[in-house]
Each structure stands twice: as structure tokens, then as C-alpha cells.
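The structure appears below as C-alpha cells.
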Amino acid sequence: MAETPVTYAESDELELIRSTARQFLTDRLSLEVVRELMMSEDGFERGLWKEIANLGWAGLIISEEHGGAGYGFTELSVVLEEMGRLVTPGPFFASSVLATTAIQEFATEEEKADLLPGMASGETIATLALFETPRGWDLADLDCVATRDGAGWSIDGMKRHVLDGHLADKIVVAAAMDGGVGLFVVDSDATGVTVDQSEVLDPTRRQAEVGLDSVRVEDAALLGGGAVDGRLATVLALGTVALAAEQVGGAQRCLEMSVEHARTRYQFGRAIGSYQAIKHRCAEMLLKVEHAKSAAYHAARTTGDDDELAVAAPLAGSMCSEAYLWAAGETIQIHGGIGFTWEHDAHLYLKRAKSSALLLGDPRYQRSLLGDALGL
Amino acid sequence: MADADSERVDSLVDELLETHPPADTGNEKFWGAQYDLGLAWVWHPEGYGGLDLARKHQSTINRRLQEAGASTENRLDNIIGIGMGAGVLVTHGTESQKQRWLRPMFTTEEIWCQLFSEPGAGSDLAGLATRAVQDGDEWVVNGQKVWTTLAQVAKWGMLVARTDPTAVKHQGLTYFIIDMEGPGVEVRPLYQITGEAEFNEVFFEDARVPDSNRIDEVGAGWRVSLTTLMNERVAIGGTATPRGSGAIAGAVQAWEKSGLDDPVLRDELLRLWAEAEASRLTNLRAIEMASLGTPGPEGSTGKLDWANLNKEITSFTLDLLGLEGTLYPGGYQLKPPDYESLTPQRAFLRSRANSIEGGTSEIMMNIIGERVLGLPGEPRVDKDVPWTEVPRG
Ligand SMILES: Cc1cc2nc3c(=O)[nH]c(=O)nc-3n(C[C@H](O)[C@H](O)[C@H](O)COP(=O)(O)OP(=O)(O)OC[C@H]3O[C@@H](n4cnc5c(N)ncnc54)[C@H](O)[C@@H]3O)c2cc1C
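Here the protein sequences line up with chains U and E, keeping their order. With the working numbering as the guide, the letters of the first sequence map in order to residues 437 to 812. With the working numbering as the guide, the letters of the second sequence map in order to residues 5 to 397.
Here is the structure:
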């Protein structure tokens with residue numbers, strides 16, 4: 437089996453990215469701010485997105501020739517890990533990870549030159565509209581179809597769980613077409629497009645339903661000029677790797693909150709962390725978080741190698757989803773009653789954890805991908 | 005710098021293989037030559053079987069030797085000596101102790117065992133009761149040890165004994181190397197749940213140890229014991245292994261042999277595969293961080309992990325075998341251990357020891373909770389009182 441030698445130690449550059457990210461996020465997107473945004477209509481603000489773009493994050497993995505920072509998944513993971521620590525809302529994952537990855541993977545040079553600079557500068561927010569059915573992560577049998585209409589295409593269908601669809605200017609829609617599945621870039625204000633925000637479990641990551649009723653697009657809207665098919669799996673795998681990094685950050689933060697509480701909360705005259713039921717749970721949490729990190733770091737460092745990615749991505753997806761969800765759940769338990777209140781932050785993590793574990797394929801689905809890759 | 009080290013290691017391995025072709029060299033002779041070239045345990049100093057290099061080079065050496073057909077079985081045959089004893093001697097031994105014991109340990113001419121646990125002192129090792137009383141330049145030992153792996157074939161035993169019962173329990177201990185073939189030492193096999201006797205009871209009746217076999221100072225036994233345990237946990241958890249090896253290989257093999265495609269079983273297999281792989285990657289990360297001198301929390305979880313996973317995976321492997329899992333090929337024969345034919349059923353039973361041997365999982369979680377996460381310890385009734393006043397049972 438192919439195995440790429442991996443180095444985990446963080447270079448000075450990575451450390452700088454990490455400390456810059458932590459600084460910015462604690463200053464500008466503290467949990468108090470996150471709570472305000474979470475209760476607001478849109479869940480985010482364009483102004484903040486501009487600030488994020490000015491830091492170079494909107495185009496973090498967009499190549500330099502298209503106005504991005506030209507970084508890879510190792511650097512991206514560091515930023516996402518930091519975002520995960522503070523359940524950062526906003527279209528970073530939808531636009532700067534998912535849509536960016538799809539466009540970089542499939543678009544022609546012209547399309548890239550057309551789309552990416554605006555995304556990198558923060559001018560344009562994009563998202564990816566893939567799923568239609570509750571467990572339709574494999575994108576088989578799409579109902580959304582694109583049919584030839586003169587020199588262009590006409591698209592009909594309904595897309596669900598479109599991340600930050602209500603903020604997006606460009607929606608990259610997966611639609612069945614002659615010869616497979618194609619990705620079509622649709623303007624969100626085009627005639628026939630309806631975007632309705634959904635009410636979501638995790639209010640720090642919004643979703644929308646996107647309806648397409650005879651939406652006409654030019655021929656150039658079809659990314660790469662043809663069906664993408666099997667290669668969509670690579671985009672989903674890369675999304676899984678990115679999400680795993682964010683999950684690691686959230687899980688690590690849960691561990692820190694739990695240990696802090698176990699040290700300072702006294703019952704029966706002792707810190708509750710001196711009771712083994714609590715101490716051992718914290719130790720187990722450390723173990724799970726460290727495993728999640730190993731899987732996520734490994735995956736982020738092997739994104740150039742499709743064979744290894746096919747193993748490493750679902751490995752990270754399943755391990756990080758389960759670790760985060762478990763850690764977030766135990767964090768509430770370790771905190772007792774206060775952990776169940778709206779006022780305490782624990783629920784922000786539980787909601788993010790559960791929702792992330794379902795976004796791109798639940799752990800069982802990820803494991804079936806892993807089995808396919810391993811031939812088991 | 006690292007490259008120069010690798011080159012040096014490589015050329016020494018070349019030299020060893022040239023001067024001692026594995027095919028025509030007896031194992032003991034080969035291992036002796038390996039020791040003399042510093043390729044036994046590279047992280048130990050030169051002159052004592054090492055080269056003072058990073059630990060990671062050892063995996064390269066072992067791999068190259070195996071590829072050339074040389075045996076590395078000594079590491080298993082003398083696992084207690086090589087895994088723990090060597091580190092203890094290098095850290096705490098005198099020059100003559102190192103010269104006397106290290107080489108024949110590596111060549112397996114002398115097998116070692118670890119005389120720590122007692123009927124009354126397991127997890128609470130420092131509570132042990134075996135007494136050593138000084139008599140001129142000798143010590144007289146009385147007491148009983150238990151669960152002593154390899155005692156039946158051992159020449160030397162690493163013994164912790166109480167030399168001052170009036171001191172606080174951690175302070176009254178001293179560490180010795182005792183001749184297992186000497187008078188006053190009796191070894192009786194203890195059969196374990198697999199039907200084999202890997203371990204033994206050891207009884208001391210006025211057994212004598214020369215003072216020159218004392219390791220470190222009188223009263224320093226606890227410190228030396230900690231070195232031993234640290235080496236043990238590294239030996240158990242901390243080696244780089246290839247993807248898919250270990251217990252999970254057995255499960256994968258059983259799955260492939262079964263021809264099953266049940267989705268529930270498949271999901272469980274893959275869940276365990278993923279756990280095992282994440283654990284392996286954590287281990288690699290720990291080795292890298294340790295070699296950079298910045299060990300983090302990733303290094304503390306290996307032993308605990310390995311125990312949990314082995315138990316789960318070997319049990320699941322029997323599920324895959326279905327009714328065949330109810331058989332016990334070879335039967336229970338009450339005999340010395342046979343490491344060659346580890347059937348899935350025997351692996352299942354043997355794995356139950358993994359969360360007990362070398363520190364129980366509960367103790368490992370206490371250590372992680374307190375040393376790594378900084379959680380407070382429990383209230384203790386055995387602190388600051390003489391050992392004689394500590395409750396026992
Ligand atoms: C296969 C095998 C080989 C071995 N080989 C050797 C050897 O070569 N040399 C040697 O010296 N020893 C050896 N041992 C012994 C081993 O180190 C001890 O069994 C182990 O340390 C546990 O001690 P114990 O058996 O007395 O159990 P106890 O310490 O009595 O533990 C019983 C239970 O209580 C729990 N417990 C104890 N204290 C605490 C605490 N503070 N908090 C929470 N739970 C606690 C334990 O986790 C365990 O579940 C071997 C054991 C096995 C199984």
C-alpha cells in the first residue's frame with residue numbers, strides 16, 4: 437500500500453499562520469460575537485467576510501496567479517483547526533474550501549480566471565450545491581437535470597443542504613446531464629433561482645434550499661466543459677479532509693473546557709477531576725482527540741496523492757466525526773447542569789459536531805468508502 | 005546532520021552483514037557482532053551496544069537485518085532484558101555492571117526477568133513487602149514475587165526489595181540484580197487463561213545477592229523502578245509498525261477468508277481498522293515529536309490504546325469466525341508458552357492481559373489525567389507514613 441512519508445512537526449510558517457489565525461479569531465470572532473451572529477438573520481456579515489479576505493484567507497488555497505495565497509491543505513488545515521476551536525460561522529468552508537476546490541479541480545483556465553480572483557478578494561461568495569436526498573452523499577441518481585438549450589443549458593431541480601447558500605453570489609450546482617454529472621456555475625440572482633434558508637441544528641453553519649426552475653446558463657457555465665463524474669469523489673474527499681481539521685479544533689477545545697472544569701469545580705470537598713469517573717473520561721477524551729489529530733494531519737499531508745487520499749480522507753472523516761461528537765457530548769456531561777444551558781458554550785460544540793458528522797457523509801458512509809479504497 | 009547519521013548506520017549495517025553473513029553465522033555470534041558495532045540499541049551510548057543516535061534509526065536497522073535474513077528474535081526471546089533491563093543498566097548501572105551484563109543480554113546467552121509484582125503489591129508497586137537485609141557485603145532476600153514472566157528460563161532477575169520498612173513506602177526500596185539460578189530462589193509456573201505458563205511465582209528463602217549487584221544507591225529503588233516502567237511502556241507502545249499489522253491483520257484475514265459481505269460486520273471491521281490506523285499514526289507522530297525533543301500528549305496514550313484495541317479486535321475476529329470461534333485448536337495443555345502458533349482464539353484470550361500487564365489501563369488513565377492533563381490526584385492514606393503503618397490486603 438502506498439504510504440507517503442509524513443512530517444508532523446509544524447514549520448515556523450505554519451506556526452505563524454496558526455498564531456495569526458488565533459489572534460484574529462479571538463479578537464474579531466470571539467464566542468460572544470459568534471453568539472450574536474448565530475441569532476442574526478443571515479448568520480454572518482459581509483463586512484467580516486471582507487476582513488477575512490483581507491487576511492488572505494478567502495483565497496487561502498487559490499493559486500497565486502488567480503489572486504490567492506497559493507497555500508495547500510496543510511496550511512488550510514491550520515486555519516480550519518483554529519476556526520473549529522471557536523465554531524467560526526460564515527462561508528469560509530462553503531466558498532474558500534468546497535467551491536474553490538471544485539473550481540480548481542475541474543474548471544478550464546478561462547473559467548478559473550473568471551471566477552477565482554473575485555472569490556479570493558472576497559468580492560464573490562460561492563458555494564457548492566450537491567445533495568438532494570437525506571443520505572444521498574454518493575450523488576447517484578440526481579433529480580436535478582441540465583438539458584441542452586440552444587448554445588447553453590437549462591437547469592431544473594431542487595438542491596438541499598447548500599452551505600451558506602443564502603450568502604452565495606455563485607452557486608456551483610451538480611446536475612445530471614447527458615454522459616454523467618456536470619457542475620454548473622449559476623448566479624444566485626438568475627431568473628428561476630430561489631434560495632430559502634433552512635432552519636438548522638447548528639445555527640453557526642447555515643444551509644439553504646436552492647430551487648432551479650428552467651434556469652438558463654451559457655455553455656461556459658459548465659465547469660471544464662463536460663461531465664465530472666467519478667472525480668467528484670476527490671472534491672468530496674478534500675472537503676472531508678478540511679472538515680476533519682475543523683473537527684479536530686472543536687474537539688481539542690472541548691477537551692480543554694472539560695479539563696478546566698474538572699480542575700476547578702468542587703463537589704464533596706474535592707475537585708471533580710480527582711474522581712476517576714471524571715479523570716478517566718478526560719484521559720479517554722485526550723486519547724480520542726490525539727487519534728483524530730493523527731488522522732486529520734495525515735490526511736492533510738497526503739492530498740496530492742489520490743490513492744492515499746482515498747484511504748486517508750474517509751479515515752479522517754470517520755475518526756474526527758466520532759471523536760468530536762463524543763468529546764462534545766462528554767463535555768456537557770462533565771459540566772453537569774450548567775453544560776445543558778443556553779448560556780454555556782458546550783452546546784455550540786455539540787451542534788457543530790453532530791452537524792459536521794453528517795455534512796459530507798456520516799461515519800458509516802465514510803467507512804464504506806474506506807472499505808472500497810482498501811478493497812475490503 | 006540526520007543524513008550523516010543515517011549514512012553511518014547504513015554503512016555499519018553493511019559491515020555487519022559482510023563480516024557476518026546471516027546465513028552462515030549462528031544467532032548468538034551475529035547478535036554479539038551487532039552489539040559490538042553499536043547496532044543493538046542505537047540510542048544508548050557507544051561502547052554499550054549503541055551509537056548515541058535517535059531511536060528511530062533502530063527501526064531502519066531492524067528492517068535491514070530482517071531483509072538480509074538475520075534474526076531479530078532476540079528482542080522477543082529476551083524481551084524483559086532488552087526491552088527494560090538494558091535501559092536500567094545504561095541509566096543507573098556502574099561501568100562494571102554494564103560491561104558484565106549488557107552484551108550477554110543482547111545475545112540471549114542470559115535471559116532476564118522482572119521481579120516487581122507481589123501478591124500484595126501490583127498497581128501499588130511501592131507497597132511491596134519482599135525484604136532485603138544487609139549482611140556484610142551481601143544482602144539476604146526473603147519474600148515472594150508473582151506474575152514473573154520468563155522466570156523459568158531467566159539467569160538474572162531485576163528485583164525491587166524493601167530495605168527500610170520504617171521509611172515512607174517509596175523511600176525504603178532498593179534495586180538489585182539477583183541470580184535466578186542461585187540457592188534460595190524457587191520458581192513455580194503459574195498457568196494463565198490460555199493454558200500456558202508465561203509467568204511464575206518466585207519464592208526467596210535467604211537468597212543472597214552480592215552488594216556489587218545493587219543498582220544505584222540503597223533507598224533509590226523507586227527511582228530505578230520508574231526507569232524500568234518507562235522503558236516497559238515505550239517497549240510496549242512505542243515502535244513504528246507498518247499499516248495493517250498487528251491484531252487488525254488477524255481480523256482482516258478472517259474477513260477475507262470468510263467471504264462474508266454483511267454490511268454490519270464490514271462496518272465494524274472498518275471501524276476497528278480506522279481505530280488501529282489512527283493509533284498507529286499517533287505512534288508515528290509521537291516518535292517524530294520525541295526525536296525532535298518535543299514530546300507531547302500523543303506519546304502517553306500508546307500503551308492504553310494498544311490494550312483497548314487488541315481486546316476489541318481479537319474479540320471481533322472471533323465473531324467473524326462464527327461457531328469456529330468456539331473451538332480451541334490444540335486444546336488447553338498446561339505447558340510453556342508457544343509463541344509460534346497464535347490462533348485467533350488464543351490471541352483473544354491473551355489480549356485480556358494487555359490492560360493488566362505493564363500497568364493496568366486504570367493506572368494508565370490516572371497517569372494521563374494527572375501528569376498530562378494536570379488533574380488533581382486522589383486523597384491518599386499512604387502518604388507520609390512509614391510503610392509498616394499502611395493498610396494492606
Ligand atoms: C501476562 C502478564 C505478565 C506479567 N509479567 C510481569 C512480570 O514479568 N514481572 C512483574 O513484576 N509483574 C508482571 N505482571 C504483573 C502486572 O504488572 C500486575 O498484574 C499489574 O501491575 C496489576 O497488579 P495486580 O495484578 O496486583 O492488580 P491490582 O493492582 O490489585 O489491580 C486490580 C484492579 O484494581 C484496579 N486498581 C488498582 N489500583 C487502582 C487505582 N489507584 N485506581 C483505579 N483502579 C485501581 C486495577 O486497575 C485493576 O483493575 C504481569 C501481568 C500479566 C497479566
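Glycine included, every Cβ here is placed at the ideal spot set by N, Cα and C.
Whose CA, out of E/W116, E/V172, E/N82 and E/W47, lies closest to the CA of E/D386? E/V172
Answer yes if the segment 252-270 of chain E comes into contact with the segment 119-130 of chain E, meaning at least three C-beta pairs across the two stretches below 8 Å, and no otherwise. no
Could you name the residues of the same chain whose beta carbon sits closer than 6 Å to that of U/G775, not counting the 5 residues immediately before and after it, in chain order? I768 and A782
Under DSSP, the alpha helix (DSSP H) around U/L751 begins and ends at which residues? D742 to H771
Express the C-alpha separation of E/K149 and E/R192 in angstroms, rounding to a whole number. 11 Å
Check the Cβ of E/G381 against every Cβ in chain U and list those closer than 8 Å, keeping chain order. S710
E/A357 beta carbon near ligand 1 (any heavy atom closer than 8 Å): yes
Compare the C-beta of E/M5 against all C-beta atoms of chain U and say whether one is closer than 9 Å. Per-residue confidence for E/M5 stands at a pLDDT of 48, beneath the threshold of 50, marking its modelled position as unreliable; no derived number is given.
Give me the chain U residues within the contact set of E/V256, using Cβ-Cβ distance strictly less than 9 Å, ordered along the chain. L810 and L812
Give the interface partners of E/A282 over in chain U, defined as CB-CB distance under 8 Å, in chain order. H727, A728, S730, A731, L751 and M755
Keeping to the same chain, check which residues put their C-beta closer than 8 Å to that of U/G666; ignore five residues upstream and five downstream. none
Would U/H597 pass as an interface residue toward chain E - the criterion being a Cβ-Cβ separation below 9 Å? no
Within the continuous beta strand (DSSP E) that includes U/I561, where are the two ends? Counting along the chain, U/I561 falls outside any beta strand (DSSP E), and DSSP gives it neither H nor E.
Would you mind sorting E/Y39 into buried or exposed? The rule is 16 or more other CB atoms within 10 Å of its CB. buried
Throw me the rounded Cβ distance for the U/A687 and U/Y760 pair, which I believe falls under 8 Å. 4 Å
Delimiting residues of the alpha helix (DSSP H) encompassing U/K548: E545 to S557
Strictly below 8 Å CB to CB, what residues from chain E border U/V695? L377, G378 and L379
Would you say E/G373 faces chain U, with C-beta separation under 9 Å as the test? yes
Expressed to the nearest angstrom, what Euclidean distance is found between the alpha-carbon atoms of U/E635 and U/L467? 21 Å
Suppose you measure from the CA of E/G263 to the CA of E/L324; what does that come to, to the nearest Å? 10 Å
CA-CA distance, U/L784 and U/R521? 11 Å
Against E/W398, what residues of chain U qualify as contacts under a CB-to-CB distance less than 8 Å, listed in chain order? It is not possible to answer for residue 398 of chain E, since the shown part of chain E is limited to 5 through 397.
Inter-residue CB distance, U/K595 and U/E559 (contact presumed, cutoff 8 Å): U/K595 to U/E559, Cβ: 23 Å. No contact.
Extract the residue ranges of the beta strand (DSSP E) inside the segment 69-94 of chain E, only unbroken runs of 3 or more that lie entirely within it. none
Please report the distance separating the alpha-carbon of E/G176 from that of E/L338. 38 Å
Taking all protein chains shown into account, do 16 or more other C-beta atoms lie within 10 angstroms of the C-beta of U/T802, making it buried, or fewer, making it exposed? Residue identity check: residue 802 of chain U is Gln in the sequence provided, not Thr. By the neighbour-count rule (16 or more Cβ atoms within 10 Å), U/Q802 is buried.
Tell me whether U/C580 sits in a helix, a strand or coil according to DSSP, three-state version. coil
Rounded C-alpha distance that separates E/S359 from E/I317: 14 Å
Top-ranked residue by Cα proximity to U/G483, from U/S499, U/L465 and U/R471: U/L465
Report yes or no: is there a C-beta of chain U within less than 9 Å of the C-beta of E/P348? no
Does any CB atom of chain E fall closer than 9 Å to the CB of U/M437? Because the pLDDT at U/M437 is just 32, under 50, the model does not fix this residue reliably, and the point stays unresolved.
Where does the unbroken beta strand (DSSP E) through E/T167 begin, and where does it stop? Segment: none, E/T167 is in no beta strand (DSSP E) and carries neither H nor E.
With H, G and I counted as helix, E and B as strand and the rest as coil, what does DSSP make of U/T630? strand
Which residue comes first and which comes last in the alpha helix (DSSP H) that contains U/E451? D448 to R464
Could you check whether the Cβ of U/H771 sits closer than 9 Å to any Cβ belonging to chain E? no
What are the start and end residues of the beta strand (DSSP E) that includes E/N204? F203 to P214
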